Each structure stands twice: as C-alpha cells, then as structure tokens.
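Working notes, structure below.
Number of protein chains: 4
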Amino acid sequence: MIKVAVNGYGTIGKRVADAVFAQKDMELIGVSKTRPSSEALVANIKGYPLYIADISKKEAFSNAGIEVAGTVEEMIAACDVVVDATPGGIGAKNKELYQKYGKKAIWEGGEAHELAGFSFNSSCNYKDALNRQFTRVVSCNTTGLCRIIQAINAEYGVKKVRATMVRRGADPGDPKRGPVDAIVLNPVTIPSHHGPDLQTVLPEIDIVTTALVVPTTFMHMHIIQMDLMKNASVERVLEIIKNHPRMGLVKKGLGITSTAELKEYASDLGRPRSDLWESCIFEESVSATDNGELYLFQAIHQEADVVVETVDAIRAMIGEVCDAETSIKITNESLGFSPI
Amino acid sequence: MIKVAVNGYGTIGKRVADAVFAQKDMELIGVSKTRPSSEALVANIKGYPLYIADISKKEAFSNAGIEVAGTVEEMIAACDVVVDATPGGIGAKNKELYQKYGKKAIWEGGEAHELAGFSFNSSCNYKDALNRQFTRVVSCNTTGLCRIIQAINAEYGVKKVRATMVRRGADPGDPKRGPVDAIVLNPVTIPSHHGPDLQTVLPEIDIVTTALVVPTTFMHMHIIQMDLMKNASVERVLEIIKNHPRMGLVKKGLGITSTAELKEYASDLGRPRSDLWESCIFEESVSATDNGELYLFQAIHQEADVVVETVDAIRAMIGEVCDAETSIKITNESLGFSPI
Amino acid sequence: MIKVAVNGYGTIGKRVADAVFAQKDMELIGVSKTRPSSEALVANIKGYPLYIADISKKEAFSNAGIEVAGTVEEMIAACDVVVDATPGGIGAKNKELYQKYGKKAIWEGGEAHELAGFSFNSSCNYKDALNRQFTRVVSCNTTGLCRIIQAINAEYGVKKVRATMVRRGADPGDPKRGPVDAIVLNPVTIPSHHGPDLQTVLPEIDIVTTALVVPTTFMHMHIIQMDLMKNASVERVLEIIKNHPRMGLVKKGLGITSTAELKEYASDLGRPRSDLWESCIFEESVSATDNGELYLFQAIHQEADVVVETVDAIRAMIGEVCDAETSIKITNESLGFSPI
Amino acid sequence: MIKVAVNGYGTIGKRVADAVFAQKDMELIGVSKTRPSSEALVANIKGYPLYIADISKKEAFSNAGIEVAGTVEEMIAACDVVVDATPGGIGAKNKELYQKYGKKAIWEGGEAHELAGFSFNSSCNYKDALNRQFTRVVSCNTTGLCRIIQAINAEYGVKKVRATMVRRGADPGDPKRGPVDAIVLNPVTIPSHHGPDLQTVLPEIDIVTTALVVPTTFMHMHIIQMDLMKNASVERVLEIIKNHPRMGLVKKGLGITSTAELKEYASDLGRPRSDLWESCIFEESVSATDNGELYLFQAIHQEADVVVETVDAIRAMIGEVCDAETSIKITNESLGFSPI
Ligand SMILES: NC(=O)c1ccc[n+]([C@@H]2O[C@H](COP(=O)([O-])OP(=O)(O)OC[C@H]3O[C@@H](n4cnc5c(N)ncnc54)[C@H](O)[C@@H]3O)[C@@H](O)[C@H]2O)c1
Ligand SMILES: NC(=O)c1ccc[n+]([C@@H]2O[C@H](COP(=O)([O-])OP(=O)(O)OC[C@H]3O[C@@H](n4cnc5c(N)ncnc54)[C@H](O)[C@@H]3O)[C@@H](O)[C@H]2O)c1
Ligand SMILES: NC(=O)c1ccc[n+]([C@@H]2O[C@H](COP(=O)([O-])OP(=O)(O)OC[C@H]3O[C@@H](n4cnc5c(N)ncnc54)[C@H](O)[C@@H]3O)[C@@H](O)[C@H]2O)c1
Ligand SMILES: NC(=O)c1ccc[n+]([C@@H]2O[C@H](COP(=O)([O-])OP(=O)(O)OC[C@H]3O[C@@H](n4cnc5c(N)ncnc54)[C@H](O)[C@@H]3O)[C@@H](O)[C@H]2O)c1
C-alpha cells in the first residue's frame, strides 16, 4: 500500500484524494486545509484525516464542527508520497519540508517545471518517472495537448502544431474571479506559455499556442491544427482517439455542441462531480486535408483531467508498476472510468 | 408496485425518472423523448425503456445508436400514473391522451393550475391529493415558498409575506437562453405571478412577490420577509428548518456565501447531478425583529426541489400511503437524502 | 471660478472631471493617475493636466506617450477643492495631505462617513454642506435610495422601507472581478450596511436592506417597498418622479424590461459613455396598495449617479450657491442633462 | 444629394442612419420599424422620419408617443438607395419591393451572397460596386477578415489563412440570447462558413476558419495565422495597419488586454455608442516567424465595423465617387473618425 498525503484539499486536491482513496494499491493517509470550510467538513464526512498547517487554528475548526487530526508536518512524516495541490506558487515553498523528511512529492501545473525537474503525462513519459523523488504533473491545458499530440505524432508524425486555448474564467465553485463580460487575451503576446510547457514533456514538438479567457466556469476549449508528415484519414484518427484510455469522442447525433451540454452529459452519466477525466474530442470536428493538415476541437475539464495523471505519477514514482498501460488501466478501473 | 411513466425526459423528467426508479413501491415503466439526444442515450444506458411520440422517427434514433421501445401511447396505456414533464404548455395538449386511457396524471409547474384543478406540495396538502386523477406540482419557486411559509405559518401565524425571486437565466445544460449581461425584470409589473401561484396551495396567505432574471445557471435566490402574528426567535426558526424534511441550513462558518459554493458543496457531498432537493436557507441570514418581522435568504435548486414532491404526489394519488410524513420519509430514504 | 482637482482618475474620477470641465463656474485644474494607462492617455487627449503621486514614474508615462504635468501634491496645492476618487480606503490616507494645504475635500462612497463627518446628497441636505471643509458623497446605491425615499417621505411620510439591491458584479471596463456564474449574498447577514449608510443622510428613516451581487456589468437594480403614513396614488408618485431633477421614468410601451435595454437607450440618446445620471424608475412597476404600501423597481447606473451629486457638493462647499435647486439646475444644464 | 432609406432601424440600421445623416452628400429620408420601442422613439427625437410596414399599427405607435411618417413602401418609393438592415432572412423577402420601384438596395451580412450577386468591402472591391443595383455588405466577422487579409496579401502575398473567431453571444442591448455559461461550437464542424464568405470578396484566398460563441456582449475576437509568400517584419506590418483607414492598433503600454477595456477606451474617447468602426489589432500580438508565418489578435466590434463599409457601398452604387480612397476619406471625416 502506497501511503499518500494530499497537501492542499481544494479543487484539484479533493479530486486527487477521492481518486487515491479508490485505488487498491494506495492508502489516503490524510489531506490538509488552512481554513475551516465546507470542503474541510466534507473531508470529515468522508473519513479522510484532516491536517492543518497552523495548529493554533484548531479551535477555529472545532467551532465550525470540523475535526482536526494533526499538523501538516505530521502528515508529511507519515506518508510515502505527497501530492501538493496548494495554489500555484505555494507548492514551491513546501519543497523544503518534503526534503526534510526525504519524501517523494508531486506538484501540479501551477508550479514551474524546474521545481521538480521533471514534467509528467501518463501517455507520454510514464517510464521516465519511475522511482523519481520529484515530479510535476503538467497543467490541465498541457495535459490535454500532450494526449492528442503524442497519439497523432506516433501515428503520422507531427511537423507543427498551432493551438488556441479558450479558457474558462473561474472554476464553478469560485464566485470571486471574473471576467463577467469580456474576452481577455492572456497573454496579449503570441505565443502563450503553453507551447514551451508542452515541450517539457514532448521536447521535439514544434508548437505555437495562443490563449484567451472567457466568462464560463467549466472546461477549456482547444482549437487544434497540426501539420503532419503524411496525410491523415479521419476514420483512423477517430479510431486512435477511441482506443486511447484518456480520450473520448463527443459523438455526432447526440446534439452536444457546447461545454454546457457536455457537462450535463457527464452529470447524466452519474460521474462523480460530473468529472470528465478524458479529453473530449468532438467527432464532427475532426477534419483532415489532402495536404497533411488535421483540425479538431477538444474540450478539457480543467478540474479533472490531471487527477488521473496524478494517480499514475504516484504509481510510477513508487516504481512497482513499470509501464503506463498497466497503471492507466488500474487507475481507470478503480474509478469505474471508461472514456465517453 | 406503482407503474410510473415519465412523459418528457428532460431537465425535470430525467430526475423524476431516477427518483421513481429508486423507490421500492414504484416501477419506472418508461420515459419518452421526441428527438435523439445524449439524454435519450443515457436512458438506454440506465436501462429505462424509451418511448417516442412519432414512431416514424425510430430510424433517426437507431442511427444515433439509441434503442426505442415503442410509442408514447403504448407507454401511457401500460402505466398507472404518468408524470408529464414536457415543456410548459405542451403538457396541456397531452391531457386528452391521459383521459383516453383513464390514467392518473401529474403535471409540473409550467402548466396552469386549472389543467389539473389541484396544485400540490407535500408539506402543505398531501392529504388533498389522495386518490386524485390529476395533480399539478407547483413550480420550483413556488415549492420553495410553500415549504418555508407553511412551516412558519404553523408556528407563528403569517400576516403578510413579501418575497423577491432572483432567478437563474438558463438551466446549466442549456446554451441558448440568456441573458448574457443584464438584470431582467420578469415581469416589470409588481406583483409577479408567484404570489397567486402560492395561493393555489396556501390560499389564506397574503403575499406580494417580485421576480428578476440574472445571468446564472444554478439556483434561484429568494429574499423573504414576513410579518408574523407574534415575534419569532431566530433559534426556534432555525430549529423548525432543521426539523423539516425538505429544508436545510447553509451553516455559518463554512464560508458558503453564494449559489456557486453551495452547488460545489452538493457536488462534494456526492449528490447525484449535485442536486439539492431541499430549500437551502442561509443560517446567518435568518433575522427576527421585535415587531414581528422575519427575514431570510433561501437558495432553491430549480432542477431538483420539485422532483421529491412529484414522487410524493404519485404516492398520494395512488392512495395507499395516507399521510405526508410517511411518504416524505420513504421518498427521502430511497434517495439517501437527508437535508444539509 | 472654483479650482477643482480630481485625485484618482478612474471610473468615477474621469466622469467627475468631465462634469466639472462642463461647469461654467468651475475650472478643472488637474487629474491624477498612478500608472500609465489608456485613461491617462485620454486625459492628455482631452487636455486635462495629468499629475502623478510618484514623480519617479514620469518616465514610464513618457514611454507610453503620456505627458505628466507634475506631482499630486502640486495639484492639491493649486486647487480650491479636491475630489478624491481613489479606490475605497485609499482616500482616507490622503486626508492628511488635504489638511496640510488647508484644502476642501470630497470623498466618494468607498470611504467611511466618519472620515468627512458629513455625508451628502443634493436633494436631501445640500444646505448642510454649505462652506464645509470635508464632505462625503454617499455611494451609488445609497444615492439612489436617498433620492426616492426623500421625495416620497416629503409627500406621504415614510414609516418603514425595505429594499433589496441586486448589484452588478464588476464595472464594464473591469475584466478581473467576478462572479462568472453565481448569485452572491453580500453580505449573507441581514440587514446590509446600506440602511445605516442611508441614515447618515436621512437619519429619521426606518429601513432594512439586503444586497446580492450578480454577473452583470451595468446598473444595480433596486426592489423597494415602503410603508407610508397615508395611501399613495400611483399617478401622484409618477408625477413626483417626473418633477424630480435626478429621477426619470422608464416609460411603459417602449419595451424596456432590463438593464441591457436601458443602457442601449442611454447610448441611443447619445449620452456620453451612455451615462444615466438619474435614477431610472420603471413606470409600470410603481404600485400602491390600499393599506399604505408602495412598491417599485429602480435601476441605478453605478458609474454615473454620484457624479452629478459630487458637482453639487463642490458648489455647496464653496458656498456661493446657497440652495440645492439652483445648483442642481446649473449642474444638469451644463451637462445637457434632463432625466429620461 | 443621395436619398437614403434605412429599412430596419435596429442594431445596424440605427448606426447606418446616423452615419448617413452625417454625410454631406447624402440625405436620410427615412427609417423603418415594425413595433413601437425605445429605438423608434429615438428616431423621432433625432428627427428621422419613421415609416412602418403595417400602417394599421400606427395607433400602437401613437399610444407610445411615437410619430409615424407613413409606410415603408412610401419610403422606398422616395429614396435612391435603400439599406436593408432587417434581421437575417427578412431582407430577402424585401427584394421584390425594391425591384418593383427599381431602387438600388444594399443588404447586410445576414443575407446570402446570391441575393445581391455581389459582396462588398470598401478596401477590397469598391470599384466593382460602381453603379450596381444590388450589393451585400459582408458580415462583421468577414469585414474584419477582409481588411487585414487584403492588406497583408498586397504586401507579402498570402498562401494560406487559418482563423478562429471567438464570437460574442448577444448584442449588448439584447437580454434574450445566451449562452449564460458555455462555450458553444458554432458550428461543431470545421471549417465554418466564414472562409467561403470571405471568398465572395477575395476569391483567391486559401482560408480555413473555425468559430465559437461565448457569453460576452461586445466584440468578436479573431485569432489569425497566415502563411505568407515571404517573411514579414513586425515593424512593417504595424506600419501597414497604422496606414490603413479602417484598422487601428491597440497600443502596448496602455494596459488594454480585453474587449472590456477596449470598449471602455472607445467610450472614454467619446465615440458615439462607444463604436469601434475600425478593426482593433493588438500591437503586442503581432508576431512573425522566419518561415513566413504571421500571427495576430484582432477585436471586431460587431455592431460598428460594417456601418462605415455600408456608407461607402451607397456611394459606390451611385457612382459619382469612383475610388475607394476618396469615399473612405469622406465617410471617416464626416464621422470624425480616425482609427485608434
Ligand atoms: N483549478 C484548475 O483548473 C487546475 C487545473 C489543473 C491544475 N491546477 C493546479 O493545481 C494546483 C491547485 O490548484 P487548485 O485550483 O486546486 O487550487 P485551490 O485554490 O482550489 O485549492 C488549493 C487548496 O490549498 C489549500 N492551501 C492554500 N494555501 C495553503 C498552504 N499554504 N498550505 C497548504 N494548503 C494550502 C487551500 O485550502 C485550498 O483548498 C495549482 O498548482 C494549480 O495550478 C489547477
Ligand atoms: N427547468 C426548471 O427549472 C423547472 C423547474 C420546475 C418545473 N419545471 C417544469 O417542468 C416541466 C418540464 O420542464 P423542463 O425544464 O424539464 O423542460 P425540458 O425542455 O428540459 O424537457 C422537456 C422534455 O420534454 C420532451 N418533449 C418536448 N416536446 C415533447 C412532446 N411534444 N411530447 C413529449 N415530450 C416532449 C423533450 O424531449 C424534453 O426532453 C415544465 O412544466 C416546467 O415548467 C421546470
Ligand atoms: N465604480 C463604482 O461603481 C462606484 C460607484 C460609486 C462610488 N464609487 C466610489 O468611488 C471611489 C472611486 O472608485 P472607482 O470605482 O472610480 O475606482 P477605480 O479603481 O475605477 O479608480 C480609482 C483611480 O484612482 C487611482 N488611484 C489608485 N491608487 C491611487 C493612489 N494611491 N493615489 C491616487 N490615485 C490612485 C487609479 O489610477 C484609479 O484610476 C471609491 O470610493 C468608490 O467606492 C464607485
Ligand atoms: N448585430 C450584429 O452583430 C450584426 C453585425 C453585422 C451584420 N449584421 C446584419 O445586419 C442585419 C440586421 O441585423 P441587426 O443585428 O441590426 O438586427 P436587429 O434585430 O437589431 O434589427 C433589425 C430591425 O429590423 C426591424 N424589422 C424586423 N422585421 C422587419 C420587417 N419585416 N420589415 C422591416 N423591418 C423589420 C426591427 O424593427 C429591427 O429593429 C442582419 O442582416 C444581420 O445579419 C448584424
């Protein structure tokens, strides 16, 4: 049993905790919060031991009816691997603590590649993560790019990728961030950082990305164009996607044309938290030209896609499951997840 | 076993179907759709027999990989009670069909009171629904008003209610309806129709309502003020709410101040589709003055609150469970539902 | 000529500057910014001398092609009255500077009443502002409440006011603040601070207010209910509104039912920046009961209504125009403003 | 004086009317509405004769205080050129009327190219419009594409264009259309119709377009990539844009990164209705690679950019001004318009 701690039980952390809890080869030894909140209460309800950084706040938790198991430091001491899902930038400050106890640690996409020295995506470089001490799971957007580009590259060879990310403004549970009524260029300059970020996993890919933010809460939408080494057939591309354990097809004829309808579909299917761990590629959008171009739309559930990758990363770092395929299979099956 | 058909498997219909399916004394004999869609596919996946009004469209369903069990008329013929959850106005046209087969029917809040001749809320008038042929479950907003007003009236006597409904613009899965960036008076005139609608259930209540629409997708927010016959104590009001099987408290200290955080909480709790069947009253908002006034905020999940009421209405109309308390208990327990 | 400086040339400040510039008895001697921006450039284009707090940033302004006239301190030294329209909380820190130079100063609603010791609304207490050194113009919401409550109180006597403010989430030019998809209780507790704020101007009014925030950018919407000393007639109330120099009627029959259509109307009328300086009361909403209640909806343009009040406040503090009526008339006419 | 009628005084029609009114060589002889509304009232206020299709509705207009000058047919009979700005699809039905009176007519982008047999953009094919009876001004998005592609093509030769249009969901004054919280693929298939539409004006351009709709109200955002015949220099591209009478640069250093801030800037500049007639290209986004690629972001004000093109189209069809440059200059100067 791999003893896993989740430091930062927020949007990503709570999903990682649930996913770890569902794995037969892992034990969730604790999660952490900084302030009493409904999420902390739910950790209690689910029976996840709840640790806090600043033990002097224990009373504040008690007052809100929330039980505290101990300090974050105690939690770290007791684990094999810590998944750091604190807000971007905070994770870096925690490295020292993980080093002090000689623990393996995973950071999420809000931290820099350099912090871990290695960036991860299950389908691309699982083996390179074997037995590592530190790993960074790339961001939700980069994860979505990694999956499709690696798969298409393996089949056709990718000469060049151009991708636009239309990003959600705020997570669904966040009432503070905007925009309310604006399309925001983020950044105004071209290219965005997503291309270089992809190259931390797939260094050989030539890619230019642009990114915008819009007033929605669930899922980013990617518009992807690739120049291939040879012409693709739409049929074969659809097959590649169908066979991929982390990509699914939004099938034609079901009337789904938006992130709203896609989320509703996930919800109707009974997915926990309506999570779409898979990249959702719109079947009808997949288009190939006779001069080697491929176009498609994919929707990426920002809160979910990195969760399954993180579970695989834990397994790779422990080193007992040596190939991606096996780990992905275990992760998916434990969650009852097969792509749409 | 009560044989239930759900005519119109959309936002409300699919939830009613799931809730009926979960009841031990009911059998879901079928649901209906008019067009192939992801919802129709999910009916197949869940094993709910799918009926269609226009059998000539069967091929269109097959083409989308969706199996059709027969015609809506066949479904009606086979049921004891039909829940009509077609879009507002369509339900009225179906009455003849239900009468032709001598079936009991329930309509939702989009239809007029007169269509059924009786409007229903479990906590208010369950007994009056016993053995009826036709019943209308009042709208999501009216259901929310009924629950709290009946409960407060029973304890203190209500002289006058003033309520404002800040309504969501579109359901989460609907990408067509707006507004995008507007507060819409709906209606511009005062009062809105919600007061008279409440009076179809609680005729003795003096109430003035106003209603606005805003660009959000989940939950209406009610601002409620009541003039009472005698002064209320906040403590006792909170107790009344806690003891009610269809009202819950958004507790102080958990950091929930918005519909977004409330939905996230439902989602974290593992509620199917994040449904909040209960009225969600903000504990901190409950305020009583020494001249007999009571104020509070309540959030109403438009897609969910009428679902549990509809299940009770079925039971009442069949007439074997003769009191509200018992039916509500069965309904709630079958769903694993106890209010927040 | 009254020499006016505007410290903080943002949403409110730039409008106050334009309004001051349009007055025949006032001279706009300067405006201030802290960072180069499109607003600073526009100050240059309009010929308003631009001052900056930290003169070491002058080069940054030059680099963006923006000319700087000097320091904020120089601007203050040169003026008779300073309008402080810096962000809420910053204004308080500037008081010392204004005192150092013995200048009259006006703050906006983001600052506390205590800072100025006097809160202002042209229609309510112009005379009390005569010759004062310090004045605070109440917030956009409070200004909207002051106007209608004072006018109705004068005619009928107001026993009690209950008002709900449905507030815009972010100003139109602000792409950062949310919410994206949430109704936020702000505050969750009842009452909100707007009631006490109104009482800084109209201390004798008994009022309970509630406030929510929604994802829109222009105009707050107020739902107002009043208990009056005697029954009101709708006709007379409409007349009172029509005769008021700072309130207008959204007339029936023009199809305006939302803030979006109202803003479009202002824009069609050629109002600068589509500004609605007047409270916009929906004619059809005005309702009176035979037990002395009055109901109405009013939309308040958050960026504009306090601007005209601020101009009057300047005039009052200089003390040459001794009555509200005259000042309001001058202000309105200079702007070519007569209410809709 | 060219006698111009505007049939359909809505979002586009009212702007065309104002622009025509401002031209020295044109006379606005009338505008039309179908229902009383605030827009109709504003036509009266501005002194534009208001015609209605169905004269039996004259009383409804009178009741709302709006004066009617006669029937649409009378208006058509009296004009030299009619600009049809009725909703997409309605314009086609009006063709017969225009033919009956032998009048020249212009349609907007909601109508098919075939209706007019000729599609127009001032900078691309002014001369081809000389003395034509029928012309269609291409849509707001296509207009934006035409301007930049023609200009770049003239300088460098364009081999291929790939463009994504992130479109606003509803116009600012429209409270009905959504989405509220969704990114909508419109269409789900690739390519969208915008490419072929561009080719009605620039038939030789190889272009693939994709289009999405998001919950915003002002401006579409274009992400444009071009493969050029030879390498471009950013400096020269910026110069081309600066020299173009219908394109402007959102300059670096002013802090504008979104449509919200851009609209605010237009508003601060005192533009009527905050209209941005020019394509707004973000200076910092313009990027050129050493293998002949060019990338940029441009924001397109959907309500405004076609207005100035329409005025030129009128002039071309009358045939007295024979070159684009002269017409564009007259149009721009009459409006006091020079690009940002
Ligand atoms: N939200 C997304 O869409 C998304 C997607 C992919 C990756 N990520 C990445 O995942 C990481 C977590 O992001 P998130 O969105 O879940 O953040 P979040 O804000 O939702 O959650 C962070 C949690 O960390 C806790 N926390 C805050 N400060 C802490 C501290 N000093 N020590 C310990 N815990 C602390 C908070 O209690 C909070 O619950 C970031 O690196 C982010 O970039 C986020
Ligand atoms: N959505 C809400 O917030 C809400 C809340 C409370 C009550 N209601 C009421 O519930 C009822 C259903 O509303 P909804 O929001 O679920 O609608 P919906 O549009 O989501 O679903 C209606 C379903 O009816 C089906 N349908 C359409 N036409 C039909 C026909 N002619 N015959 C059979 N089926 C047909 C469609 O397939 C669709 O799935 C209405 O009376 C509505 O007023 C809705
Ligand atoms: N925006 C509204 O809806 C609204 C309505 C009524 C009243 N108010 C009040 O008006 C005041 C100004 O608000 P706003 O919305 O115009 O703010 P804003 O942020 O739009 O503008 C403030 C301006 O002050 C400048 N500034 C910032 N820090 C400064 C400093 N230290 N010294 C000098 N200038 C500085 C900035 O350049 C900025 O342009 C606040 O008191 C606010 O509460 C705002
Ligand atoms: N709104 C945009 O973003 C935009 C941009 C570019 C082009 N267009 C095109 O411009 C045209 C007009 O669009 P719009 O957005 O201004 O529409 P709109 O709905 O705002 O205005 C249309 C006007 O036509 C009038 N009208 C309706 N039916 C009529 C009839 N039968 N006869 C005469 N008048 C009638 C209405 O009074 C209305 O005011 C369409 O072709 C549209 O595709 C619109």
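Chains as they are written, first to last, in the numbering used here: chain W, 864 to 1203; chain D, 864 to 1203; chain B, 864 to 1203; chain Z, 864 to 1203.
Virtual Cβ for every residue (Gly too), placed ideally from N, Cα, C.
These figures come from a predicted structure and were not determined experimentally.
Query: Cα-Cα separation, residue 1105 of chain W to residue 1111 of chain W; Result: 6 Å
Query: Any C-beta of chain B under 8 Å from that of residue 1033 of chain W; Result: yes
Query: Residue ranges of each alpha helix (DSSP H) within the region 905-946 of chain D, 4 or longer; Result: 921-926, 935-941
Query: Buried versus exposed, by CB contacts within 10 Å (16 or more), residue 911 of chain Z; Result: buried
Query: Residue nearest to residue 995 of chain B in terms of C-alpha spacing, selected from B:973, B:1067, B:1180, B:898; Result: B:1180
Query: Minimum Cβ-Cβ distance from residue 986 of chain Z to chain B less than 8 Å; Result: no
Query: Within-8 Å CB hit, residue 897 of chain B to chain W; Result: no
Query: CB contact check: residue 1055 of chain W to chain Z, cutoff 8 Å; Result: no
Query: Beta-carbon proximity list for residue 1021 of chain W, same chain, < 7 Å, skipping 5 on both sides; Result: 1012, 1015, 1068, 1089, 1091
Query: Backbone CA spacing between residue 905 of chain B and residue 1156 of chain B [nearest angstrom]; Result: 48 Å
Query: Residue 1169 of chain B Cβ short of 7 Å to ligand 3 heavy atom set; Result: yes
Query: Any 3 or more C-beta pairs closer than 8 Å across the region 918-928 of chain W and the region 873-890 of chain W; Result: no
Query: Limits of the beta strand (DSSP E) - the one that residue 1161 of chain W falls within; Result: 1156-1163
Query: Under 8 Å (Cβ pairs) to chain B, residues found in the region 905-918 of chain Z; Result: 905, 908
Query: Three-state secondary structure (DSSP) of residue 833 of chain Z; Result: The structure shown does not extend to residue 833 of chain Z, since chain Z spans only 864 to 1203, so no value can be given for it.
Query: C-beta atoms of residue 939 of chain D and residue 913 of chain D nearer than 8 Å; Result: no
Query: Three-state secondary structure (DSSP) of residue 1088 of chain W; Result: strand
Query: Chain D within 8 Å of residue 1166 of chain W, Cβ atoms only; Result: no
Query: Interfacial residues, the region 1042-1054 of chain B to chain D, with Cβ spacing under 9 Å; Result: 1042, 1043, 1044, 1045, 1046, 1047, 1048, 1049, 1050, 1051, 1052, 1053, 1054
Query: Selection of the region 1080-1094 of chain Z by Cβ proximity to chain W, strictly under 9 Å; Result: 1080, 1081, 1082, 1083, 1084, 1086, 1088
Query: 6 Å Cβ shell around residue 1158 of chain W - same chain, five flanking residues per side excluded; Result: 1088, 1150
Query: Contact under 8 Å by Cβ, residue 1146 of chain D with residue 1052 of chain B; Result: no
Query: For residue 974 of chain Z, the three-state DSSP class (helix, strand or coil); Result: coil
Query: Per DSSP, the bridge partner or partners of residue 983 of chain D; Result: D:1000
Query: Proximal residues of chain D, C-beta to C-beta of residue 950 of chain B below 7 Å; Result: Those within 7 Å of residue 950 of chain B in chain D number zero; the least Cβ separation is about 22 Å.
Query: Residue 1074 of chain Z CB to nearest heavy atom of ligand 4 below 7 Å; Result: no
Query: Helix, strand or coil at residue 875 of chain Z according to DSSP, with G and I counted as helix; Result: helix
Query: Heavy atom of ligand 2 within 7 Å of residue 1195 of chain Z beta-carbon; Result: no
Query: Whether residue 1072 of chain W touches residue 1026 of chain W by CB criterion (8 Å); Result: yes
Query: Touch test, the region 1120-1130 of chain B against the region 971-991 of chain B, Cβ-Cβ under 8 Å, three pairs minimum; Result: no
Query: Within 8 Å, strictly: CB atoms of residue 1029 of chain B and residue 1100 of chain B; Result: no
Query: Residues near residue 814 of chain Z in its chain [Cβ-Cβ closer than 8 Å; skip 5 each side]; Result: Limits of chain Z in this structure are 864 at one end and 1203 at the other, which puts residue 814 of chain Z out of reach.
Query: Residue 1135 of chain W at chain Z interface by Cβ criterion, 8 Å; Result: no
Query: Residue 926 of chain W at chain D interface by Cβ criterion, 8 Å; Result: yes
Query: Own chain partners of residue 1141 of chain B with C-beta closer than 6 Å, once the 5 adjacent residues on each side are dropped; Result: 1109, 1110, 1111, 1202
Query: Residue 1182 of chain W classed as buried or exposed, judged by whether at least 16 other C-beta atoms fall within 10 angstroms; Result: exposed
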